[in-house]
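Residue numbers (this note's numbering), protein chains in the order written: chain A, -6 to 359; chain B, 6 to 502.
Worksheet: one structure, shown below.
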Amino acid sequence: MIAVFCMLDLLLFYVFFESVLIPMFIIIGVWGSRQRKIQAAYQFFLYTLFGSLFMLLAILLIFFQTGTTDLQILLTTEFSERRQILLWIAFFASFAVKVPMVPVHIWLPEAHVEAPTAGSVILAGILLKLGTYGFLRFSIPMFPEATLYFTPFIYTLSVIAIIYTSLTTIRQIDLKKIIAYSSVAHMNFVTIGMFSLNMQGIEGSILLMLSHGLVSSALFLCVGALYDRHKTRLVRYYGGLAQTMPIFSVIFLFFTLANMSLPGTSSFIGEFLILVGAFQRNTLIATLAALGMILGAAYSLWLYNRVVFGNFQPNFINKFSDLNRREVFIFLPFILGVIWMGVYPEVFLESMHTSVSNLIQHGKFY
Amino acid sequence: MFDNDFIALLPEMFLINATILLLIYGVVYSTVHKVFEPLVRNVAWLGFSSILITLILLRGSPLTTANLCYNNLIIDNFTYFFKVGLLLSTACIILMSLQYFQQEALTAFESIVLMLMSTCSMLLMISAYDLIAMYLAIELQSLSFYVIAASKRNSEFSTEAGLKYFILGAFSSGILLFGCSMIYGFTGVTNLEELAKIFTAPYVLRPLSDSVMLNSADASWSGVFMGILFIAVGFLFKITAVPFHMWAPDVYEGSPTYVTAFFSIAPKIAIFANMLRVFIYSFYDPTWQQLFVFCSIASMVLGAFAALSQNKVKRLLAYSSIGHVGYLLIGFSCGTIEGIQSLLIGLFIYVLMTINIFAIVLALRKNRFKYISDLGALAKTNPILAITISITMFSYAGIPPLAGFCSKFYLFFAALGCGAYLLAFIGILTSVISCFYYIRFVKIMYFDTPKTWILYKPMDREKSILLGITLLGITFFFLNPSPLFLVTHQMALSLCI
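Laid out in C-alpha cells, this is it:
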C-alpha cells in the first residue's frame, strides 16, 4: 500500500493498486463477523477488479502511443482531445469505484460493515484515498483537456452522492454503516474540491483526505470498541453511554464533531478550502455541497444523541466497561493529529504549495 | 551422408531406445515374480532419468540449426526451447505421478512407457517441417494418449473417456489429413518451407508484374483455403479450442489424474509449436485470421461461463484450460512478433500454473478430492497448501502482481498493438467473470466450515519440491521477467526470420 503512493510509473502503480485487493479480500472474508461477509468480500473484489481492468486497457493504449509508462515523460506528451477523453473515461472507471462515486459505491457500506475493526480502519484510512490519489496524480495532470471536459460530470455525481448518502445515513440502524456512508460523502467532497482545479480546492481536498483518514479511522475504532464489548452494532441497543462510559463519550464526541467539520478540527479546514475553491468555479455546486455539510451535522449529532445521551437500556445491555488504557492510547495520536491540523494547518499546507501550483500551471487551469 | 541427421536427432533416438528398453524391462520383470512390487516405481524413475538425459543430450547438441531427413525435420532456436520446455514438463508430470502409482498399487507400467513414447513423438512434432512428418508425429502422440486415457481398467469413467477421445481424435486426425492432402493437391508440395515460398510469393512479387500472380497461390483460393481450414480444425481440436472442445471436460474428468495433468500440459506445448510453424511460417495470410479470432473469443467466453456452474475439480480445470487456450489464441490471431511472443510467454506461464494445480490435486487424492467442496476448511488443517492454492488461483484469474497477470497483460498488449481491440476487450470482460470461480476456491478453503472430518495426509517429497518451485515462479515472476521475455523473443524471431 505504501508502494502505491510512491510509484511514478503507470504500470507499477496499477500492479500495486490491484495487489491490495487480495489481502483485503482475505481480511474481510476470514475475520468478518457474520455470513454476509462472503457476499461483501466478493462484491468488493469484483467491483474493484472490473473497474480497474479498463484502466489496464488505457495503460496499454498509452504505452502504444508513447512507448513508455514513466509518469514524468508522460506529463510532457500531448494526447489528442478525443483520445484524452477515452483514456480519462477508462481511468475514471477504475478510480470511481475506489473513491467511491455514486453508481458504484455499493461495495463500501457492505465491505465496511462486514469487515473486522482493523480491516475497516485500513479500508477507510487508506484504500479510499487510492481513488482520489489516482485522480490527482494521473488523471488530472496527464489529461488536462479531458478533465476540463468532464468537470461538470464529476460535480454532478459528487453532489448527488453527498446529498443522497447523507440523507440515506439518517435512516440507517447499523453504526458502521452510518460511518461508512459518511465516508462516501466525505470522499465525494474531496472530488468536488479536486476538480475545482484551483489552489484552494486542491489543497483543501488533500487536507480533507488526510483528515478523513484520521477521523474515519478513529470513528471505526470507537465503534469497534463498542462491538468488542457488546457484540452488536445496532443503534437501538445502545443508549446513555455518557453515564457508564465517560471517557469513551468524550472521545466519541470529539470525533463526531470532527466528522461534522467543526471549526478547530482538520476536516473544517479541508471542507472550507474546498467550498472556497468550488465557489470560484460554480456557485450552485458549492451551495449544494454546503447543504451536504448541514445534513452531515444532522446524522452525526443524531447518532451521538441516540448512543451516548439519554437513558441507558437495561433491557439489552447490563454490563459496561469504559475504555481501557490501551484503547485510550490508540486514540491519542488521532486526537493529536486532528487538533494539530485543525489549529495550525500551515505546516501541512506549505508542503503542498509547490506541487499543487505546479499541477495547476502544467494543466493551464487558471 | 546422414551424419548430421544422426547427431541432430540423438535426443529423440535416445528417448525411443530408452522407451523400448523400458518396455522390454517391464515385460520381462512383470512375469518374473507373481507381483513384482517396485516395477512401476522402477520404470517411472528410469523414465524420468531418461527424459533428463534426453534434456542433457539436447542441451549439448553441437548443431543449433539444421534441416534434417530431406527437409522433413528442422532444428533451430524455436524448436530447441520448445523441446526443453516439453521435456521439463513431462519430467515434472512423471514426478508427480509417482505417489499415484504407489497409492493405487498399479502394476501397469505401460502408462510410463506410453507417456515416454508420446513425448518422443511430440519432440518430433515440434521439429516437423513437412506436412507428412507432422501428421505422423501427431498420430503417434494421439494414439499413445488414447490408450493412457483408458488406463484405469476398473473404472467405466476411464474407459468412456478413452473411447470418446479415440473416436473424436481419430475423426479430427482424419480431417487434418484431408486438409494436408488438399493442400498437396492444389500446390503440389508438402514441405512447409516450399509452402511458405508459395504463399508469400504474391506479396513479394506483386510489385513486379501482374502475370506472375497467376502462378502463385494465395490463401484466398477456395481449394487451398478449404485445405487450410481443415488443417486448422484438426489442430484446434487437439488444443481444445471452442467449437471443437466437447471432448475435453469428459476426457479430462474420466482419465486418471496424472493422465489429465499430462493432457493439459504436453499436447498444448507441442501442438502450439506446430501450429505456429504451420500457420505463421507457411500459410502466412490474413484470411485465416478471422477463424482464430472467432475461436479465441468463443473459447474465452465459454471458459468463463461454463466453469461457473461446475462442482467437480477436474471438469472445472478442463474448462479453465479451455478459457486459457482462448487467451493464448489471442496472441496467435494477431500475426505480429509481439503476438507470437505473448503466446509463448502465456504458454510457459500456463504450464507453470497447471503443473502447480495438478500437483495439488494429486496430493489431495487420498482425501477424496473430487468435488470442489472437498476443499472445505483446508486453511485450518493444511495452511501452506491453502496459501499455495490461493496464489495459483489468483494467478489464473490474472491478479497482479502474480505471473498470470503478466501473461495476460502481455497478451492484451499484443492484441492492442495489432489493432484487435475487440479481442482485448472481450478478454478483459471474461477475465473478470472467470475471476469469480477462481475466488470460489479461496472462499471454500478459508471461509466455509467443513461438512465432514478432514484427515491430513502429507504429500511426498517430489510433489512438495515441484510445488515449491512453481509457487516461487508464480509469485516472484514479476520481479524478474526478463529471462522469459528474452527467450521467447529469440524463439519468435527464429520462427519468423
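Where is the CB? At the ideal position from N, CA and C, for every residue including glycine.
Only a predicted model underlies this, so the values are computations on that prediction, with no experimental measurement involved.
Does chain A have any CB closer than 7 Å to the CB of residue i?
i, result
"LEU421 of chain B", "yes"
"PRO388 of chain B", "no"
"TYR332 of chain B", "no"
"VAL437 of chain B", "yes"
"PRO486 of chain B", "no"
"TYR442 of chain B", "no"
"ILE335 of chain B", "no"
"PRO406 of chain B", "yes"
"TYR451 of chain B", "yes"
"PHE446 of chain B", "no"
"SER214 of chain B", "Any reading at SER214 of chain B must be qualified, since the residue scores a pLDDT of 47, below 50, and its modelled position is unreliable; no value is offered."
"PHE417 of chain B", "yes"
"PHE399 of chain B", "yes"
"ILE233 of chain B", "no"
"ILE180 of chain B", "no"
"ILE377 of chain B", "no"
"CYS300 of chain B", "no"
"ILE433 of chain B", "yes"
Does any C-beta atom of chain B lie closer than 7 Å to the C-beta of residue i?
i, result
"VAL106 of chain A", "no"
"LEU439 of chain A", "In the structure as shown, chain A starts at -6 and stops at 359, and residue 439 of chain A therefore has no counterpart that could be examined."
"LEU214 of chain A", "no"
"GLU11 of chain A", "yes"
"LEU46 of chain A", "yes"
"PRO16 of chain A", "no"
"VAL8 of chain A", "yes"
"VAL23 of chain A", "yes"
Name the DSSP beta bridge partners of residue i, please?
i, result
"TYR376 of chain B", "B:LYS317"
"ASP8 of chain B", "Per DSSP, none; premise fails for ASP8 of chain B."
"ALA71 of chain B", "B:ILE80"
"ASN196 of chain B", "B:ASP135"
"THR258 of chain A", "A:PRO256"
"LEU227 of chain A", "A:ASP167"
"ASP290 of chain B", "Beta-bridge pairing links ASP290 of chain B to no other residue."
"ASP2 of chain A", "A:ASP63"
My assumption, with CB atoms under 8 Å, is that residue i sits in contact with residue j. Please give the rounded CB distance.
i, j, result
"MET17 of chain A", "PHE37 of chain A", "7 Å"
"ALA366 of chain B", "ALA246 of chain B", "Position check: residue 366 of chain B holds Val in this sequence, whereas Ala was assumed. Their Cβ separation, rounded to whole angstroms, is 23 Å, which puts VAL366 of chain B and ALA246 of chain B out of contact at 8 Å."
"LEU80 of chain A", "ILE119 of chain A", "In fact, because the Cβ distance is near 26 Å, the residues do not count as touching under 8 Å."
"LEU227 of chain A", "ILE166 of chain A", "6 Å"
"GLY285 of chain A", "VAL336 of chain A", "Actually they do not touch by this definition, with Cβ atoms about 24 Å apart."
"ILE270 of chain B", "SER94 of chain B", "5 Å"
"ARG46 of chain B", "GLN107 of chain B", "7 Å"
"TYR451 of chain B", "ILE19 of chain A", "7 Å"
- Determine, using beta-carbon pairs with one atom in the region 419 to 437 of chain B and one in the region 70 to 79 of chain B, whether at least three such pairs fall under 8 Å. The region 419 to 437 of chain B is not in contact with the region 70 to 79 of chain B.
- Query: Do the region 319 to 338 of chain B and the region 164 to 172 of chain B make contact, defined as three or more Cβ pairs closer than 8 Å?
  - Reply: Pairwise C-beta distances place the region 319 to 338 of chain B out of contact with the region 164 to 172 of chain B, as fewer than three of them are shorter than 8 Å.
- Query: According to a CB-to-CB cut-off of less than 9 Å, which residues of the region 339 to 365 of chain B neighbour chain A?
  - Reply: Those residues of the region 339 to 365 of chain B that come within reach of chain A (Cβ to Cβ, closer than 9 Å) do not exist; the list is empty.
- Message: Against chain A, which members of the region 235 to 256 of chain B pass a CB distance test of less than 9 Å?
- Response: Answer set for the region 235 to 256 of chain B: empty.
- Item | Interface residues of the region 87 to 116 of chain A facing chain B [CB-CB below 7 Å] | Here the close residues number zero.
- Task: Would you list, in chain order, the members of the region 49 to 81 of chain A that have their beta-carbon closer than 8 Å to a beta-carbon of chain B?
- Result: Hits within the stretch, in order: LEU49, LEU50, LEU53, LEU54, PHE56 and PHE57.
- Task: Name, going along the chain, the residues of the region 30 to 44 of chain A whose beta-carbon falls closer than 9 Å to a beta-carbon of chain B.
- Result: From the region 30 to 44 of chain A, only LYS30, ILE31, ALA34, TYR35, PHE38, LEU39, LEU42 and PHE43 have a Cβ closer than 9 Å to chain B.
- Could you please tell me which residues of the region 306 to 321 of chain B, in chain order, have their CB closer than 8 Å to any CB of chain A? Result list empty, no residue passes.
- Residues from the region 126 to 139 of chain A in contact with chain B, defined by Cβ distance under 7 Å: Residues passing the 7 Å Cβ filter: none.
- Item | Near-chain A residues of the region 39 to 71 of chain B - C-beta to any C-beta below 7 Å | Against chain A - using a Cβ distance shorter than 7 Å - the region 39 to 71 of chain B contributes no residues.
- Is it a yes or a no for the region 277 to 293 of chain B touching the region 307 to 316 of chain B, going by three-plus beta-carbon pairs under 8 Å? Judged by Cβ distances under 8 Å, the region 277 to 293 of chain B makes no contact with the region 307 to 316 of chain B, as fewer than three pairs qualify.
- Message: Check whether the region 148 to 165 of chain A and the region 183 to 200 of chain A are in contact - that is, three or more C-beta pairs closer than 8 Å.
- Response: Judged by Cβ distances under 8 Å, the region 148 to 165 of chain A makes contact with the region 183 to 200 of chain A, as three or more pairs qualify.
- Could you name the residues of the region 168 to 192 of chain B whose beta carbon sits closer than 9 Å to any beta carbon of chain A, in the order they occur along the chain? Within the region 168 to 192 of chain B, no residue has a Cβ that lies closer than 9 Å to any Cβ of chain A.
- In chain order, what residues of the region 477 to 502 of chain B put their CB closer than 8 Å to some CB of chain A? Taking 8 Å as the Cβ-Cβ cut-off against chain A, the residues of the region 477 to 502 of chain B that qualify are PHE483.
- Message: Assess contact between the region 23 to 31 of chain A and the region 102 to 116 of chain A, defined as three or more Cβ pairs (one per stretch) separated by less than 8 Å. Is contact present?
- Response: Using a Cβ-Cβ distance cut-off of 8 Å, the region 23 to 31 of chain A and the region 102 to 116 of chain A are in contact, since at least three pairs of beta carbons, one from each stretch, lie closer than that value.
- Residues in the region 146 to 162 of chain A with C-beta within 9 Å of chain B's C-beta atoms, listed in sequence order? Listed in sequence order: no entries.
- Item | Members of the region 146 to 169 of chain B that neighbour chain A once the beta carbon cut-off is set at 8 Å | Under the 8 Å Cβ criterion, the region 146 to 169 of chain B contributes no residue.
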